[in-house]
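S.K.: Per our numbering, the sequence shown starts with residue 3, numbered consecutively.
Here it is: the structure, laid out below.
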Amino acid sequence: MSTQKPFWVFAYGSLMWNPGFAAPETQAARLHGWHRAFCIYSEHYRGTPRKPGLILGLLPGGACRGLAHRLPRAGYDAVRRYLRTREIDNDGVYTEEVRPIHLHDGRLVEALVYLADRQHRQFAGKLPTAKAVALVRGGRGATGTNVAYLRNTVAHLRELGLRDPALEELARRTGASGVR
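What follows is the structure in structure tokens.
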């Protein structure tokens, strides 16, 4: 990997529909070697310490399809601070790394990628389905309900023409509206 600043961020959950900054370019993208999973207890955005929700992280293995947002050159440092605050500072459950991703137009670019920290106390790993359903149904935090987070993720994947059978099954079992 180069030592240049990464000008892309890989989005696989809420960053797909709510990046929080004006991206000059967005493309469908694929990250090799990692897959999307509901594997993190949320004690801030989609739950509380007393009643955690469950959010997405990236775990080793497979490939993950999502979006890549190009970071603006003007205001780059402010956007990086925003992403660091959003993804790392609140709970510290993600690690920020730079990884190569494949853009839909064929380019291979380096991007910021937020991986689940498997040593963090909020790392849940693979949970039994019944427990995951209960956490998602009951999760409500600073940015809304866990069900809405799941519904939005599944909807945005469908808009991209992508299917995630595990997320779709979780959405069916949690009663996320609009998911059949």
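Yeah, the Cβ is synthetic: ideal placement off N, Cα and C, and Gly gets one too.
Can you give me the start and stop residues for the beta strand (DSSP E) that residue 100 sits inside?
M.R.: Stepping through the sequence shown from its first residue, residue 100 is reached at position 98. Taken as a continuous stretch (DSSP letters only), the beta strand (DSSP E) holding residue 100 covers 96-105.
S.K.: Taking only runs of the alpha helix (DSSP H) that begin and end inside the stretch 5-86, which ones reach a length of at least 4 residues, in chain order?
M.R.: 16-19, 78-86
S.K.: Find out if the Cβ-Cβ distance for the pair residue 93, residue 46 is shorter than 9 Å.
M.R.: Looking up residue 93 in the sequence shown gives position 91. Looking up residue 46 in the sequence shown gives position 44. It is a contact, given that the beta carbons lie within the stated cut-off.
S.K.: From this set, 152, 145, 117, which residue's C-alpha is nearest residue 61's C-alpha?
M.R.: Taking the sequence shown and counting its residues from 1, one reaches residue 61 at position 59. Of 152, 145, 117, the residue nearest in Cα terms is 117.
S.K.: Does any residue of chain D bring its CB to less than 9 Å from the CB of residue 78?
M.R.: Here chain D cannot be found, since the structure has a single protein chain.
S.K.: Taking contact to mean 3 or more Cβ pairs, one atom from each stretch, closer than 8 Å, check whether the stretch 68-82 and the stretch 19-31 are in contact.
M.R.: yes
S.K.: In whole angstroms, give me the CA-to-CA distance for residue 104 and residue 30.
M.R.: For this step, residue 104 is matched to residue 102 along the sequence shown. For this step, residue 30 is matched to residue 28 along the sequence shown. Approximately 9 Å, taken between the alpha carbons.
S.K.: CB residue 162 to CB residue 169, shorter than 9 Å?
M.R.: For the purposes of this step, residue 162 is identified with residue 160 of the sequence shown, where counting begins at 1. For the purposes of this step, residue 169 is identified with residue 167 of the sequence shown, where counting begins at 1. Contact: no.
S.K.: Using DSSP with H/G/I as helix, E/B as strand and the rest coil, what is residue 120?
M.R.: Here residue 120 corresponds to residue number 118 of the sequence shown, with the count starting at 1. Residue 120 falls in the coil class under three-state DSSP.
S.K.: Here's the rule I'm using: 16 or more other beta-carbon atoms within 10 Å means buried, otherwise exposed. How should residue 8 be labelled?
M.R.: For the purposes of this step, residue 8 is taken as the residue at position 6 of the sequence shown. Residue 8 comes out buried.
S.K.: Any idea if residue 78 is buried or exposed, counting beta-carbon neighbours within 10 angstroms, 16 or more meaning buried?
M.R.: As a first step, residue 78 is located in the sequence shown; it is residue number 76 there, counting from the start. The residue is exposed, with fewer than 16 neighbouring Cβ atoms inside 10 Å.
S.K.: When the distance is taken between beta carbons, is residue 41 closer than 9 Å to residue 127?
M.R.: The residue given as residue 127 occupies position 125 in the sequence shown. The residue given as residue 41 occupies position 39 in the sequence shown. Result yes, Cβ atoms of residue 127 and residue 41 sit closer than 9 Å.
S.K.: Please state whether the Cβ-Cβ distance between residue 34 and residue 102 is less than 9 Å.
M.R.: Taking the sequence shown and counting its residues from 1, one reaches residue 34 at position 32. Taking the sequence shown and counting its residues from 1, one reaches residue 102 at position 100. Yes; because the gap between Cβ atoms is below 9 Å, this pair is in contact.
S.K.: To test your reading of the DSSP string, which unbroken alpha helix (DSSP H) runs of 4 or more residues are found completely within the stretch 109-181?
M.R.: Counting only runs of 4+ residues, the alpha helix (DSSP H) found wholly inside the stretch 109-181 occupies 131-140, 148-161, 167-176, in chain order.
S.K.: With distances taken Cα to Cα, identify the nearest neighbour of residue 55 among 135, 164, 81.
M.R.: Counting from 1 along the sequence shown, the entry for residue 55 is found at position 53. When each option's Cα is compared against that of residue 55, the closest is 135.
S.K.: Is it true that the CB of residue 125 sits closer than 9 Å to the CB of residue 59?
M.R.: Locating residue 59 in the sequence shown gives position 57, counting from the first residue. Locating residue 125 in the sequence shown gives position 123, counting from the first residue. Yes, they are a contact pair.
S.K.: Pick helix, strand or coil for residue 91, following the three-state DSSP scheme.
M.R.: Within the sequence shown, numbered from 1, the residue matching residue 91 stands at position 89. Residue 91 falls in the helix class under three-state DSSP.
S.K.: Should residue 99 be labelled buried (16 or more other beta-carbon atoms within 10 Å of its own) or exposed?
M.R.: Start at 1 with the first residue of the sequence shown, and residue 99 comes out as number 97. Under this definition residue 99 is an exposed residue.
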